[in-house]
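In terms of the working numbering, the sequence shown opens at residue 1 and continues consecutively. For reference, the structure is listed below as structure tokens.
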Amino acid sequence: RGAPGTGKTTLAIQFLCEGARRGEGGAYFSFEEFPEQIYRDAGELGFDLPALEQAGKLQVITMEPGAFLEEALEPGGLLEELRRDIGLRRVAVDSVTLLELALSGRGDSRRTLYLLRNALHRLGLTTLLIEEGAPAEGPSMAEYMVDTVLHLTYDDFEVNRLRHLEVRKHR
Numbered sequence: 001r002g003a004p005g006t007g008k009t010t011l012a013i014q015f016l017c018e019g020a021r022r023g024e025g026g027a028y029f030s031f032e033e034f035p036e037q038i039y040r041d042a043g044e045l046g047f048d049l050p051a052l053e054q055a056g057k058l059q060v061i062t063m064e065p066g067a068f069l070e071e072a073l074e075p076g077g078l079l080e081e082l083r084r085d086i087g088l089r090r091v092a093v094d095s096v097t098l099l100e101l102a103l104s105g106r107g108d109s110r111r112t113l114y115l116l117r118n119a120l121h122r123l124g125l126t127t128l129l130i131e132e133g134a135p136a137e138g139p140s141m142a143e144y145m146v147d148t149v150l151h152l153t154y155d156d157f158e159v160n161r162l163r164h165l166e167v168r169k170h171r
């Protein structure tokens, strides 16, 4: 969780690229940005995501939050397919904030997030959920359900920006 510019996406890309280096397939699910934008931004930081996709180690997927939820909860859905096809072990979801907004009109969004968490655990996937917002806003619904909470912040100085990563929770 962090405000814009704290490095949430960069951390997620590093997480997936490190997994690919170790032979663990990864998927980056974006509800907002198209793959080309993600490739460009990651490329500026030295990450060649298209090469990892061509090697069958990574998938960058843009989809609507509700469609992601259906695929994640459905037996034999996209996550299970990726597990078979690329050895999916790591997932980054950008962002759980948009997912929660999509769920807000569906009744019990907390229960749905709980079902999502269980589906990801059942598949044996290590998942990084990106959440927008400043840590000072207080814990979100998702923070109560996950195993680890990382808060990213920064301090602006005249010339540089000093970024911080704080482990707020770890089971």
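The beta carbon of each residue, even a glycine, is placed where N, CA and C say it ideally should be.
- Judged by DSSP secondary structure, R89 falls within the beta strand (DSSP E) whose first and last residues are L88 to D94.
- Checking the DSSP bridge columns, you'll see T126 partnered with R90.
- For L78, the secondary structure class from DSSP, reduced to helix, strand or coil, is helix.
- Residues of the same chain with a CB within less than 6 Å of the CB of D41, apart from the 5 flanking positions on each side, do not exist.
- 8 Å or more divides the Cβ of L128 from the Cβ of A72.
- I61 is bridged by DSSP to F29.
- With contacts defined as CB atoms closer than 8 Å, T112 and L125 fail to qualify as a contacting pair.
- Note on geometry: alpha-carbon atoms of T9 and V93 lie some 10 Å from one another.
- Under the criterion of beta carbons closer than 8 Å, R171 and M141 do not qualify as touching, at roughly 17 Å.
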